[in-house]
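Protein chains in written order, with our numbering: chain W, 1 to 618; chain E, 619 to 1236.
Where a beta carbon is used, it is the ideal one built from N, C-alpha and C, also for glycine.
Okay, structure first, notes after.
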């Protein structure tokens, strides 16, 4: 049993001790063969040459025949397991699995568990399968989206739903590891009979156990739930949470046995201090949840590691929580550490402070190397002839990645100016309206009321400095159009329209100029999906999202450039938010506080009850 | 959702922090419903009465109707999860699952993973199934015995074998959690083709993955294996070890990703110091492995916790390693901690120092209470009408627990004095013989050589202070009889015979008096299995083991008494060993160092080669 190659004298991460020690690591095929202070070659073997120079050029196919394995000097490098991200959504990056794979690997992430609830909201199980069908060097496991649509078809019109039959179907695929972010607290804890009166989510949880027994996890989403409610939620079988934590919630949830998946917004100094001082690393994982396309260019889970370290977590612990604990949570016992028999998924770093992957190995093959990181890629045996290192220059993929109808999912007529008028049914001069007030940070809105003038039977919302939000059902189901008013969006004259509109992904138009709203809406319809900003009566920036109206099939850097231009217009128009794209994209998300707009109208999120736009006529 | 009962103000073990805090614990059915600093009753509810007095006597069926749940005062008590023992053999206690269950629960153990390789050596998969068919309040999961017989049918005659077909068959039962103690290093690491040339054990490991994917563990047995060999062993897929550790082996194995199951003999101060100083608790579990019948009366995994604490492990960490880490190792995520939704398996202790279970709850029901532990059992709602608290006085079970032929497994003729003579084929006056020298501690033997006189064509072994060991194949397969000589067994005149003879369980007779050997052997045959000691020409102590020749169907305390008398005779006859029963019972175990006797003759364990009894004729 001969190693393919040996990396000598690297500082290797010892997972069970969470420290580094100098070791040699031998790799055979897609697995680690041996980890030892010194790996001796067999009698008669000599080191395969590796002089640090490229021998065969970039794609280096066959290495010359040698007596012994290729030997690479890892001195001065840190060797850690590939990162494992167990709560994330590929669609947040508006890209497709193959492209996502490239950038995730570049960031040192070698395994993800994707909850594809966005594509499922458009195409249902077919959308999930289309993702699963894409072969990627990145290992992509799946969570079953538990809340598609986010609320119910009575409250919003999604393109499709995931019900118990789809859950059963998906559980047959062993890449499915969990039921994803169960969130509807009331439906989870509602009391009923043993089986007959179960809510749908209760049925889903039961079915997971019936079909797969111990081998499936139930992941939760339970911000601010505490005390008896939290106990009931966990009692129902949900024992992980990835929402925003506080120091108190970390302690309460940990004491009750909840596994915590910490994303950037949870990684405050207080939360990290709570994790560190109580030694809770074993039941904490770092996750990305959502990574916007432009952010994905800069990193993926490695970025969260940097954020955790910045917030005070020792880097050795952050590595642990980004590799071993998430793998173990998902019963992926074949990875998450550097040890014999484990997958040869690992990352080389030049220093721990910067935490920037210098080289990334997936399944034993070198899949990424930063310029000047040494010249590992010169050694042919470090990556096979089908190297996933993307050699192509930017450009659309040669063949379509999805079924043809995935490119024609925007079933919506082009709007007219008359679609953007709020008519008043009763004679009056003023109305009191319910308004969604945006935050400058995050996606929550506040419900406020404003008094607006009425003229010619129309509400004069423009004079009050508000924006109009119009949501067009676009899945071809009922042609609903719903109206809302927004405070805190564009301050200057302009508009935007998008089909990337969580979670049902209907077509949202937001603006303060009817002319611009028409232009933006029409352009999105023409593009069959996208994010368009308009001013002066015409579209001025756009990001195409032709696949299901939420995904771009071009290279990510093109998309990021396009989206950057949209962002720039948002800034010019005075839209203030840490992530304006996400802010607009969640105006229609009816599970995020407090007042949101679905294609059925305004919805009070907490009570899940409809709210009239016009509260009173005066 | 109303709790059945609430235990208030106990010091409850918080698993993720490995500490205690005052909590109320509510139980509903077989699960924990809530764990909170204070559990409030619903409006209009009042505490169900519980005055500490017995109301309905021992079996207390129906509790009176009450407004609220029964409330029990847990002040001053420690409440910890039920213990989880993931490496053990029920047959080591020479008893059957139902009886074992009673004593394990009494000791606070609520879940075990049993490797039934002893009964499998006698009856094969049918024996394992017979164990699995016994319903017990104790949760018994199973390991598939990977080494039945311990070596091969070429080297020893067992009653049955477990091959790849049996592995496939057993994997269908979801109580099967792992492949048990893979031990044959050479067969594990032997290199061959991809599938065609695999060894049987390699096939078994592959099949486990194919049939059950992530949901099955591969458990190992690799004492003293280190360095490259250890890497290869782990690379083959085996990532746990329960054999004797040293401080060095703990560190080396942990660094390579091995989970360590520490039994009593591993719990030295040095090993515990290594675990503690490197914080290796997460990947360490406490296990019993073998518990003799008389020891089982005194405890089970609780005893190992006491030993660990005695050796220097903080009790909070020992609890962790006896509850949560073993449950997690086996993917038993529904237990091992006190939290909502977890199994209501828990133990009340009066103090941590003594670590003696005062009350034990399994599936929410009180199944054991020590005299004077309070009067929990007075509360009817703490245990159902089918309480597993054994109310019967000692006596044989009313119905047979196993199929009829399990009681007739000793297929061996009664021996004659002539069976105990070693004849010499060649003319000589002396012979040089290979002798198994017993240790006074443990089961290993040493290979030594002795020169013995020959008279009348027979070896005069008695004059040299040796004992004769004669092994009769007793499974009805070939009638083999094999001879060995033993140093360090009985010093005075006597003999013993047993069918409890690891692992093939043939009939071993050991003694220095032919008359006594005949008497002991004949009595074991009459009993159809057992452990018999004889002196002065007649059996003087005996423990019946009628089921397969290895298990007693009487209550454990009767068996323990009987076995105690056998032990006493061993002592009187000068047999010096920390566990003389086990010492004799492993003379025929060909995977324990260094020279052992199978029904084919003497075997050198390391080389697995046969050794002649007579090395030279002089």
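query, result
"Residue environment, residue 111 of chain W, which counts as buried when at least 16 other CB atoms sit within 10 Å", "buried"
"Backbone secondary structure at residue 252 of chain W - three-state DSSP", "helix"
"Contacts of residue 332 of chain W in chain E (Cβ-Cβ under 8 Å)", "832"
"Partner residues on chain E for residue 171 of chain W, Cβ-Cβ distance less than 7 Å", "Here the premise fails: no neighbours, minimum Cβ distance about 13 Å."
"Any C-beta of chain E under 8 Å from that of residue 314 of chain W", "no"
"Proximity winner among E:1093, E:712 and E:839, relative to residue 1209 of chain E (alpha-carbon distances)", "E:839"
"Cβ distance (whole Å) where residue 741 of chain E is taken to contact residue 1094 of chain E below 8 Å", "Not quite, the Cβ-Cβ distance comes to about 13 Å (not below 8 Å), so this is no contact."
"Within 8 Å of chain W by C-beta, residues of the region 878-901 of chain E in sequence order", "896, 897, 898, 900 and 901"
"Distance between beta carbons of residue 1146 of chain E and residue 1026 of chain E, contact taken as under 8 Å", "6 Å"
"Selected residue, minimal CA-CA separation from residue 787 of chain E, among E:829, E:800 and E:819", "E:829"
"Completely contained beta strand (DSSP E) runs for the region 1159-1227 of chain E, where each covers 3 or more residues", "1213-1216 and 1219-1222"
"Minimum Cβ-Cβ distance from residue 702 of chain E to chain W less than 8 Å", "no"
"Residues bridged to residue 458 of chain W (per DSSP)", "W:423 and W:455"
"Collapsed DSSP secondary structure at residue 672 of chain E in the structure displayed", "Note that residue 672 of chain E scores 37 on pLDDT, short of 50, meaning its location in the model is unreliable and no value can be drawn from it."
"Residue 234 of chain W: contacting residues in chain E (beta-carbon distance under 8 Å)", "957, 958 and 959"
"Spatial distance of residue 298 of chain W from residue 306 of chain W (CA atoms)", "12 Å"
"Residue interval of the alpha helix (DSSP H) (run including residue 81 of chain W)", "That residue, residue 81 of chain W, is in no alpha helix (DSSP H); its beta strand (DSSP E) goes 78-81."
"DSSP three-state assignment for residue 847 of chain E, whether helix, strand or coil", "helix"
"Distance cut-off 7 Å: residue 863 of chain E Cβ against heavy atoms of the ligand NAD", "Among the components of this structure there are no ligands whatsoever, and the ligand NAD is therefore not found."
"Ranges of the beta strand (DSSP E) found wholly within the region 84-148 of chain W, counting only runs of at least 3", "109-115 and 139-145"
"CB contact flag (residue 1112 of chain E, residue 1054 of chain E, <8 Å)", "no"
"Positions along the region 505-534 of chain W whose CB lies within less than 9 Å of some CB in chain E", "none"
"Contact under 8 Å by Cβ, residue 518 of chain W with residue 415 of chain W", "yes"
"Distance between residue 219 of chain W and residue 785 of chain E (C-alpha atoms, nearest Å)", "33 Å"
"Under the three-state DSSP convention, the category residue 436 of chain W falls into", "strand"
"Residues bridged to residue 297 of chain W (per DSSP)", "For residue 297 of chain W, which the question treats as bridged, DSSP gives no partner whatsoever."
"For residue 1145 of chain E, three-class secondary structure by DSSP", "helix"
"C-beta contact flag for residue 596 of chain W and residue 360 of chain W at 8 Å", "no"
"Any C-beta of chain E under 8 Å from that of residue 15 of chain W", "yes"
"Residue 891 of chain E (DSSP reduced to helix, strand or coil)", "helix"
"Where residue 1044 of chain E falls, given that 16 or more other Cβ within 10 Å makes a residue buried", "exposed"
"Distance between residue 429 of chain W and residue 456 of chain W (C-alpha atoms, nearest Å)", "9 Å"
"Three-state class that DSSP yields for residue 317 of chain W in the structure shown", "helix"
"Burial state of residue 252 of chain W (16 or more Cβ within 10 Å)", "buried"
"Minimum length 3: unbroken beta strand (DSSP E) runs contained in the region 203-227 of chain W", "217-220"
"Limits of the beta strand (DSSP E) - the one that residue 688 of chain E falls within", "688-691"
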